[in-house]
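These notes are about the structure you will find just below.
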Amino acid sequence: MVVQAGALMLMSILSAPSLALDSGDQSLELQGEALVEIGPFGLDVYIARFFEGADNERLLELEYVRDVARKYSHMGWEEGLKSFSDSRYQRPMQWILETTPDVKKGDFLTFETKGDITAVKLNGVLLGQTDQEHVAMLILAPWVGITPIDEEVKKKLLGYR
Numbered sequence: 004m005v006v007q008a009g010a011l012m013l014m015s016i017l018s019a020p021s022l023a024l025d026s027g028d029q030s031l032e033l034q035g036e037a038l039v040e041i042g043p044f045g046l047d048v049y050i051a052r053f054f055e056g057a058d059n060e061r062l063l064e065l066e067y068v069r070d071v072a073r074k075y076s077h078m079g080w081e082e083g084l085k086s087f088s089d090s091r092y093q094r095p096m097q098w099i100l101e102t103t104p105d106v107k108k109g110d111f112l113t114f115e116t117k118g119d120i121t122a123v124k125l126n127g128v129l130l131g132q133t134d135q136e137h138v139a140m141l142i143l144a145p146w147v148g149i150t151p152i153d154e155e156v157k158k159k160l161l162g163y164r
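Take the sequence shown: its letters are residues 4 to 164, numbered as in my numbering.
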């Protein structure tokens with residue numbers, strides 16, 4: 004996720020097709036999607052899609068519509084996770100930052116969680132996996148957590164109309 008200091012985050016909603024994504028022997032169903040625009044000029048950055056399945060499986064897919072350097076993604080994580088300042092979250096946040104790559108237009112970055120297991124993939128290639136406490140919750144928090152960056156983003160990704 005990319006956020007520039009003082010940037011205004013805007014979001015426009017795309018229609019959510021009826022899709023399912025296979026995850027091993029489980030099926031994840033698309034809940035919602037949104038084109039996320041960031042900055043004072045509303046630059047399109049990525050299309051976010053949120054999937055859920057049985058056994059607390061969740062997947063957030065970001066399809067990038069522009070190149071984004073890792074340093075800007077780090078700024079986004081800092082903004083999206085600023086409400087988690089307690090020291091117990093420092094190590095999990097560090098893992099998230101270390102696992103965040105540079106992305107190019109057309110890349111798919113996915114955050115998959117099942118219980119306490121979290122995997123991060125870029126174009127289907129595993130970048131990192133952990134069962135570290137709090138990572139699964141934190142990695143989805145900016146979009147669909149208790150304190151998301153934008154409640155409208157959360158509503159649309161969760162499929163609320």
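Virtual Cβ for every residue (Gly too), placed ideally from N, Cα, C.
Residue burial classification, residue i (beta-carbon count within 10 angstroms, cutoff 16)
| i | result |
| --- | --- |
| residue 44 | exposed |
| residue 163 | exposed |
| residue 128 | exposed |
| residue 149 | exposed |
| residue 76 | buried |
| residue 118 | exposed |
C-alpha distance - residue i paired with residue j, whole-angstrom precision
| i | j | result |
| --- | --- | --- |
| residue 60 | residue 161 | 14 Å |
| residue 41 | residue 155 | 14 Å |
| residue 30 | residue 57 | 8 Å |
| residue 51 | residue 65 | 5 Å |
| residue 96 | residue 145 | 12 Å |
| residue 142 | residue 35 | 18 Å |
| residue 153 | residue 48 | 15 Å |
| residue 125 | residue 111 | 6 Å |
Delimiting residues of the alpha helix (DSSP H) encompassing residue i
| i | result |
| --- | --- |
| residue 97 | 93-102 |
| residue 106 | Element bounds for residue 106: n/a, residue is neither H nor E. |
Integer Cβ distance of residue i from residue j, believed to fall under 8 Å
| i | j | result |
| --- | --- | --- |
| residue 123 | residue 67 | That belief does not hold up - the Cβ atoms of residue 123 and residue 67 are roughly 14 Å apart, past 8 Å. |
Beta strand (DSSP E) segment containing residue i, residue limits
| i | result |
| --- | --- |
| residue 42 | It is not in any beta strand (DSSP E) - residue 42 carries neither H nor E in the DSSP assignment. |
Legend entry - Cβ pair count under 8 Å reaching 3, the stretch 90-101 against the stretch 64-72: no
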